[in-house]
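2 protein chains.
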Amino acid sequence: MSAPVKYSSQREAILRFLKSRKDHPTADVVFHHIRKDIPNISLATVYRNLNQLAAAGIILRLTTDGKTDHFDACVEPHYHFCCRGCNGVMDIDMEPFPELTKKAEEVSNYKIEQATILFSGLCDCCKDKL
Amino acid sequence: MSAPVKYSSQREAILRFLKSRKDHPTADVVFHHIRKDIPNISLATVYRNLNQLAAAGIILRLTTDGKTDHFDACVEPHYHFCCRGCNGVMDIDMEPFPELTKKAEEVSNYKIEQATILFSGLCDCCKDKL
DNA sequence: CTTAATAATGATAATGGTTACTATTATTAG
DNA sequence: CTAATAATAGTAACCATTATCATTATTAAG
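Chains G and L are the protein sequences, given in the same order. Numbering-wise (the working numbering), the first sequence opens with residue 748 and increments by one. Numbering-wise (the working numbering), the second sequence opens with residue 748 and increments by one.
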């Protein structure tokens, strides 16, 4: 889980792909897209690199109620929404409330390093269907 | 995943155990504790009942960065903290911000049913050790 | 108090996302 | 160019959770 020290074209392709997407793909989605350019890339390589990049703070891992993690190339603090219809993960474009973390730290005495705010419900598409 | 319709002593024991705990045990922890009273209870029964109770809104499922879910007998809206040292999940005793959800719904157009706020970092114990 | 219908259980196999392992390949410093 | 070693591909293993199914327990009706 250490930061990458040697270049690899696979890692570059993975990061490039993630940056090109506004949604937040799962490892499997990344894998299947990268395969178009690098047909023999291994799923393990995708996971390894996503983990490395996340550990290095270059990308963000999003753990939602679903069982599969999603990944986000935007590491600026922002909020997410997970649709219980399609399991898609989208951004919520509102400015973060830093006072939330401050308040929580005051109240708890814990060393709070991160605040994850995840909304859930139904997205535009699923709102109508369900 | 439907609500329970028949009584079972196993379910009662699981719910009673959950209510007795301030931390938020995993299915496995519930299983091992219930086993002291009901030695031949099955892990599947624990999972089945935790799922039912959560679906019925009687308990809360907490999905954290760790790989295993935690369960909470308190369904009042409140915030949680997950320690990256010991993977424990604790309550944060501060009043919720309902305006968060309202704002997010305005901005996004999604039907937001739930807001999950999860802080993470180091708890009192792990703060010193790490 | 039976009895019949069926929900719940225990035991265990299966599933699915993720990680570990290992021989091979690619990068990089000297 | 060469040696050292990080990264990879392919695949087996892992582990939390779920599905399956024969058996048991609950419950409503007679």
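All C-beta atoms in this analysis are idealised placements derived from N, C-alpha and C, irrespective of residue type, glycine included. None of the values given here were measured: they were computed from a predicted structure.
Per-residue DSSP class, three states only, for residue i
{"i": "L/Glu823", "result": "coil"}
{"i": "L/Ile788", "result": "coil"}
{"i": "G/Met748", "result": "Legend: pLDDT at G/Met748 = 41, less than 50; position of this residue unreliable, no value from coordinates given."}
{"i": "L/Leu877", "result": "coil"}
{"i": "L/Ser867", "result": "strand"}
{"i": "L/Lys753", "result": "coil"}
{"i": "L/Lys858", "result": "strand"}
For residue j and residue i, the rounded distance between their alpha carbons
{"i": "G/Ile781", "j": "G/Ala760", "result": "7 Å"}
{"i": "G/Pro751", "j": "G/Gln799", "result": "7 Å"}
{"i": "G/Met841", "j": "G/Gln757", "result": "34 Å"}
{"i": "L/Ser767", "j": "L/Glu823", "result": "16 Å"}
{"i": "L/Ala851", "j": "L/Pro786", "result": "47 Å"}
{"i": "L/Ser755", "j": "G/Arg763", "result": "53 Å"}
{"i": "L/Asp784", "j": "L/Ile806", "result": "21 Å"}
{"i": "L/Ser855", "j": "L/Leu790", "result": "41 Å"}
{"i": "L/Pro845", "j": "L/Ile859", "result": "12 Å"}
{"i": "L/Gly832", "j": "L/Cys873", "result": "6 Å"}
{"i": "L/Lys814", "j": "G/Ile788", "result": "26 Å"}
{"i": "L/Glu853", "j": "L/Leu847", "result": "10 Å"}
{"i": "L/Ala803", "j": "G/Lys753", "result": "51 Å"}
{"i": "L/Asp812", "j": "L/Thr773", "result": "13 Å"}
{"i": "L/Tyr857", "j": "L/Ala820", "result": "28 Å"}
{"i": "G/Gln861", "j": "L/Asp875", "result": "18 Å"}
{"i": "L/His779", "j": "G/Asp775", "result": "34 Å"}
{"i": "G/Lys849", "j": "L/Lys849", "result": "21 Å"}
8 Å contact criterion, which residue i and residue j should meet: CB distance rounded
{"i": "L/Leu877", "j": "L/Leu869", "result": "6 Å"}
Chain-order list of residues whose beta-carbon lies under 7 Å from that of residue i (same chain, five-residue window excluded)
{"i": "G/Thr697", "result": "In the structure as shown, chain G begins at 748 and stops at 877. Residue 697 of chain G is therefore absent and cannot be evaluated."}
{"i": "L/Arg808", "result": "Ala801, Asp816, Phe818"}
{"i": "G/Arg795", "result": "none"}
Close Cβ partners of residue i (< 8 Å) along its chain, the five nearest in sequence each way excluded
{"i": "G/Tyr826", "result": "Asp838, Ile839, Met841, Pro843, Ile864, Leu865, Phe866"}
{"i": "G/Gly835", "result": "Asp770, Cys829, Cys870"}
{"i": "G/Val777", "result": "Ile761, Phe764, Leu765, Val793, Leu797, Phe818"}
{"i": "L/Met748", "result": "Summary for L/Met748: the model assigns pLDDT 41, below 50, so the residue's position carries little reliability; its value from the coordinates is reported in the next sentence. Closer than 8 Å at the Cβ level, and outside the excluded window around L/Met748, lie Asn798, Gln799, Ala802."}
Same chain, Cβ closer than 6 Å to residue i, neighbours up to 5 away in sequence not counted
{"i": "G/Thr792", "result": "Gln757"}
Proximity test, residue i beta-carbon vs the ligand MG heavy atom, cut-off 7 Å
{"i": "L/Glu842", "result": "Among the components of this structure there are no ligands whatsoever, and the ligand MG is therefore not found."}
- Query: Can you give, in chain order, each stretch of the beta strand (DSSP E) that sits fully within the stretch 798-843 of chain L and has at least 3 residues?
  - Reply: 807-809, 817-819, 826-830, 836-839
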